[in-house]
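Here this note's numbering is used: the first residue of the sequence shown is 26, the next is one more, and so on. Note that CB positions come from ideal geometry on N, CA and C, so glycine has one too. I have placed the structure first, in the form of structure tokens, so that the comments after it can refer back to it.
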Amino acid sequence: MEKMKTRVGKMKRILDCTASDFQKMGGKELRQAIAAAEGRTVLAEVVCTVPPIYPSVTNAELAAAFGADLILLNVFDVDHPEVFGLETKGEETVRQLKKLVGRPVGINLEPVDPNAERLEALYELPQGRRAVEASLVKAKQLGVDFVCLTGNPKTGVTNRAIVESVKTAKKIFGEEGLVIAGKMHGAGVKGESGGSIVDEETVASFVDAGADVVLIPGVGTVPGTTLEKQEKLIQTIHEKGALALTAIGTSQEGAGKETVSQMALYNKMAGADIHHIGDAGIFGIADPENIMAYSIAIRGRRHTYVRMAASVLR
């Protein structure tokens with residue numbers, strides 16, 4: 026009984042975790058901490074290959090300072106690791122950023138489908154940004170805490186390609202890192218846009234492939250993403266044993282605080298475990314005040330201010 030008490034005593038909600046807690050966590054522990062927080066985890070995405078909005082700090086540090094629990098680096102190339110605003114480059118880039126922000130840090134890798142039916146002209150991505158085996162291995166070596174298998178606009182990422190990438194990622198990361206998978210918008214693919222981006226069968230296939238977290242568009246982002254539809258998707262995700270992430274990847278992270286707060290509450294009502302806020306609010310980051318507004322909407326000032334104020338030395 027005493028051993029059981031000790032073990033349970035070591036488990037923390039992400040709300041209560043400090044930098045030293047995050048340093049000790051693997052993917053399994055991070056997933057448990059997120060689940061225990063009951064829909065009160067904020068993930069902020071930032072573009073790491075553009076100058077930060079204020080040169081003195083990286084956009085990742087700014088997002089962390091305004092209440093993000095998790096930091097997701099977009100347009101990160103594992104073959105050329107770099108975060109603008111950070112002097113450290115190369116193999117230690119991610120580890121140094123983790124020290125500065127005191128939060129788990131992950132990256133996007135994109136499962137590009139060469140056979141995708143194009144809705145528009147698509148970009149050609151370098152291997153270091155694609156969700157291929159070599160890039161996933163390199164991501165693990167660089168020290169990322171999680172990998173998000175998704176698609177930026179005009180990249181040709183499809184759901185079927187995501188499924189295959191999840192299998193590869195899970196084989197490489199195991200329980201050492203979280204695997205997030207899903208689309209927040211069409212990514213330039215015909216037949217996978219608006220309300221047709223994802224259905225219950227698709228989210229189930231992501232979990233069956235090994236995804237720890239399934240990403241879906243947030244309520245009110247792409248056309249047709251109603252509260253009722255997203256709630257059903259999240260119920261399926263939870264029934265399959267995974268966590269759900271709702272994403273704002275439609276530049277609405279730059280909308281007014283009232284709009285962002287309303288979206289936050291709808292996503293919480295739908296059942297989201299993780300609330301993503303995108304990187305296109307200003308330039309490579311959401312409006313920082315919207316990160317704070319989102320956080321306050323889903324967990325109040327108490328947890329928001331503590332996250333903002335807690336030193337990375339704790």
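Residue environment, residue i, which counts as buried when at least 16 other CB atoms sit within 10 Å
{"i": "Gly-325", "result": "exposed"}
{"i": "Asp-41", "result": "exposed"}
{"i": "Arg-120", "result": "exposed"}
{"i": "Glu-135", "result": "buried"}
{"i": "Gln-166", "result": "exposed"}
{"i": "Leu-338", "result": "exposed"}
{"i": "Tyr-291", "result": "buried"}
{"i": "Pro-80", "result": "exposed"}
{"i": "Glu-116", "result": "exposed"}
{"i": "Cys-65", "result": "Rather than Cys, the amino acid found at residue 65 in this sequence is Arg. Looking at its Cβ environment, which holds 16 or more other Cβ atoms inside 10 Å, Arg-65 is buried."}
{"i": "Pro-139", "result": "exposed"}
{"i": "Arg-327", "result": "exposed"}
{"i": "Lys-35", "result": "exposed"}
{"i": "Asp-104", "result": "exposed"}
{"i": "Gln-277", "result": "buried"}
{"i": "Ser-336", "result": "exposed"}
{"i": "Gly-52", "result": "buried"}
Under 7 angstroms between C-beta atoms of residue i and residue j
{"i": "Ala-236", "j": "Val-214", "result": "no"}
{"i": "Lys-293", "j": "Ala-318", "result": "no"}
{"i": "Ile-273", "j": "Gly-243", "result": "yes"}
{"i": "Gly-340", "j": "Val-137", "result": "Beyond the ends of the chain as shown, which are 26 and 339, falls residue 340; an answer cannot be given."}
{"i": "Ala-69", "j": "Ile-316", "result": "yes"}
{"i": "Ile-299", "j": "Leu-270", "result": "yes"}
{"i": "Ile-321", "j": "Thr-329", "result": "yes"}
{"i": "Val-130", "j": "Val-100", "result": "no"}
{"i": "Gly-207", "j": "Ile-241", "result": "yes"}
{"i": "Lys-37", "j": "Ala-58", "result": "yes"}
{"i": "Asp-224", "j": "Gly-202", "result": "no"}
{"i": "Phe-308", "j": "Ile-78", "result": "yes"}
{"i": "Asn-133", "j": "Thr-74", "result": "no"}
{"i": "Gly-220", "j": "Met-288", "result": "no"}
{"i": "Ile-197", "j": "Leu-161", "result": "yes"}
{"i": "Thr-183", "j": "Ala-141", "result": "yes"}
{"i": "Val-232", "j": "Lys-265", "result": "yes"}
{"i": "Gly-279", "j": "Asp-304", "result": "no"}
{"i": "Val-238", "j": "Leu-268", "result": "yes"}
{"i": "Leu-122", "j": "Ala-85", "result": "yes"}
DSSP beta-bridge partners of residue i
{"i": "Leu-268", "result": "Val-238"}
{"i": "Thr-66", "result": "Ile-299"}
{"i": "Asn-140", "result": "DSSP lists no partner for Asn-140."}
{"i": "Val-188", "result": "DSSP, once it has assigned bridges, lists no residue as partnering Val-188."}
{"i": "Phe-5", "result": "Look at the range of the chain in this structure, 26 to 339, and you will see that residue 5 is not part of it."}
{"i": "Leu-155", "result": "The residue asked about is misnamed: residue 155 is Arg in this sequence, not Leu. Arg-155 pairs with Glu-135."}
{"i": "Ile-273", "result": "Ile-302"}
{"i": "Phe-171", "result": "Gly-131, Leu-203"}
When the options are compared against residue i, the one with the closest alpha-carbon
{"i": "Asp-94", "options": "Gly-309, Ile-302, Leu-338", "result": "Ile-302"}
{"i": "Gly-296", "options": "Ala-85, Gln-260, Lys-49", "result": "Gln-260"}
{"i": "Glu-314", "options": "Ala-58, Gly-207, Phe-198, Ser-286", "result": "Ser-286"}
{"i": "Thr-43", "options": "Gly-92, Val-228, Ser-160, Ala-85", "result": "Gly-92"}
{"i": "Lys-192", "options": "Gly-168, Gly-52, Glu-158", "result": "Glu-158"}
{"i": "Val-172", "options": "His-210, Gly-199, Glu-256", "result": "Gly-199"}
{"i": "Ala-194", "options": "Lys-163, Ala-335, Glu-107", "result": "Lys-163"}
{"i": "Arg-332", "options": "Lys-49, Met-50, Val-67", "result": "Val-67"}
beta-carbon residue i near the ligand ADP non-hydrogen atom, thresh 6 angstroms
{"i": "Val-331", "result": "No copy of the ligand ADP appears in this structure; indeed no ligand is present at all."}
Interface flag, residue i vs chain D, CB-CB below 7 angstroms
{"i": "Leu-268", "result": "Given the protein chain composition of this structure (a single chain), no chain D is represented."}
TODO: Evaluate the contact criterion for the stretch 150–165 versus the stretch 107–114: three or more CB pairs, one atom per stretch, below 8 angstroms.
DONE: Look at the beta carbons and you see the stretch 150–165 not touching the stretch 107–114: under three pairs across the two are nearer than 8 angstroms.
Open item on the list: With three or more C-beta pairs closer than 8 angstroms as the rule, is the stretch 187–198 touching the stretch 121–129?
Closed with: In the pairwise beta carbon analysis, the stretch 121–129 is classified as not touching the stretch 187–198: fewer than three pairs are separated by under 8 angstroms.
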